[in-house]
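Residue numbers (the numbering used here), protein chains in the order written: chain A, 1 to 84; chain B, 1001 to 1199. Just so you know, even glycine gets a beta-carbon here, dropped at the ideal spot from N, CA and C.
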Amino acid sequence: MTRPHLTIAVVWLILCLTTMMSIGASGGAPSVGVAVAVLGAAFVKVYLVLHYFMELDAAPLGWRAVFAGWTVGVFLVLSALLAL
Amino acid sequence: MTETRADPPAASQAPEDRRLPGEEGAWMFVLGDLMVFALFFGTYLAYRAEAPEAYAQSQATLDRGIGLFNTLALLTSSAAMALAVKLSRQDAAAKARRWLLAAIGCGLLFVGGKVLEYSDKFAAGYGVESDEFFMFFFMLTGIHFVHVIVGLILLTMLYRSLRAPLTPGGQRLLESGGIFWHMVDLLWIVLFTLFYLIR
């Protein structure tokens, strides 16, 4: 397997495992802490898709900053709404 | 800038070597769509905060199994698409086409899962007008579903036109299709989390 293919395979595995862990984590008693953690895991997955599948890691820095801003900004706003 | 079919450079490369895969217009569209969906996400959670028990009650009727199946289908589809793009740069058009077909196949699995889920819900009497939760659920996942269908049409057109050797224009088209499809996956990751996991 070539290196880029290995990277995609590893990222895919991490995405799937994180998904299963999130389902497990959200199965217990609901709490804001768990909700924010699960949301955080989702945005980690978003970052992985942006950087490794969409190849943002090799993109011009301006574009990287814009999408990093979206990822972090949306996570923070949604987390704040969860805490309401 | 010279046309290149090479993989984009590693992160440590000089700024002038960095490039966006696909057409810049595709990225502008993606950014716009992400902004709109960010508003949708925020609106959902803001309304949910006003009636958390009512939302939790309706949310409990969702089938997490189908949600998981759909998520894994789209994640796998996205990975297959990423592989297809990598292979298309290596003059391996036949292999790229196979992975593109796999991406389409997994996308169709998602469609099947969604159709099953929607029909179950409709049969049980749930719809957009049932309550606020279901209004958000059907509207947001419905709009996303339209993106999935458009994406699958795009991928199918790309599959049919993917021939060796790929021209630089053809390469950019394939990459642009990939960018749109990954966005569809990315949006579902958040939708799945908001509707199925966050209680």
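DSSP, read as helix, strand or coil, puts Arg1019 of chain B in coil. The Cβ atoms of Tyr1159 of chain B and Leu1101 of chain B lie closer than 8 angstroms to each other. The C-beta of Thr1167 of chain B has fewer than 16 other C-beta atoms within 10 Å across all chains shown, which makes the residue exposed.
For Met1081 of chain B, the enclosing alpha helix (DSSP H) starts and ends at Arg1064 to Ser1088. In this chain, Phe1195 of chain B is not harboured by any alpha helix (DSSP H), its DSSP state being neither H nor E. Leaving aside the five residues that flank Leu82 of chain A on each side, the residues in its chain whose CB is nearer than 8 angstroms to its CB run, in chain order, Val32, Ala35, Val36 and Leu39. Around the beta carbon of Asp1185 of chain B, a 10 Å sphere encloses 16 or more other beta carbons of the protein chains shown; the residue is thus reported as buried. In the three-state DSSP reduction, Ser1130 of chain B falls in the coil class, being neither helix nor strand. It is roughly 13 angstroms from the alpha-carbon of Arg1089 of chain B to the alpha-carbon of Gly1178 of chain B.
For Met54 of chain A, the chain B residues whose Cβ falls inside 7 angstroms of its Cβ are Ile1179 and His1182, in order along the chain. For Leu1020 of chain B, the nearest CB of chain A lies under 8 angstroms from its own CB, placing it at the interface with that chain. If you check the CB distance, Gln1057 of chain B and Phe1195 of chain B do not come in under 8 angstroms. Restricting attention to A:Gly24, A:Phe43 and A:Met20, the CA atom closest to the CA of Ile1189 of chain B is found in A:Phe43. The C-alpha of Ala1164 of chain B is placed about 37 angstroms away from the C-alpha of Thr19 of chain A.
Between the alpha carbons of Val1146 of chain B and Met1183 of chain B lies a distance of about 13 angstroms. No Cβ of chain A is located within less than 8 angstroms of the beta carbon of Leu1158 of chain B.
Cβ proximity to chain B below 7 angstroms picks out Val38, Leu39, Ala42, Lys45, Val46 and Val49 from the region 38 to 49 of chain A. Around the C-beta of Val1128 of chain B, fewer than 16 other C-beta atoms lie within 10 Å, and the residue is accordingly described as exposed. In the DSSP assignment, Pro30 of chain A falls outside any alpha helix (DSSP H) and carries neither an H nor an E. Residues of the region 1081 to 1103 of chain B that bring their beta carbon within less than 7 angstroms of a beta carbon in chain A comprise Ala1082, Leu1083 and Lys1086, in sequence order.
Taking Gly1113 of chain B as reference, the option from B:Phe1192, B:Leu1031, B:Glu1053 and B:Ala1073 with the minimal CA-CA separation is B:Ala1073. Only residues of its own chain outside the window of five on either side were considered, and among them Gly1067 and Thr1071 have a CB closer than 6 angstroms to the CB of Phe1192 of chain B, listed in chain order.
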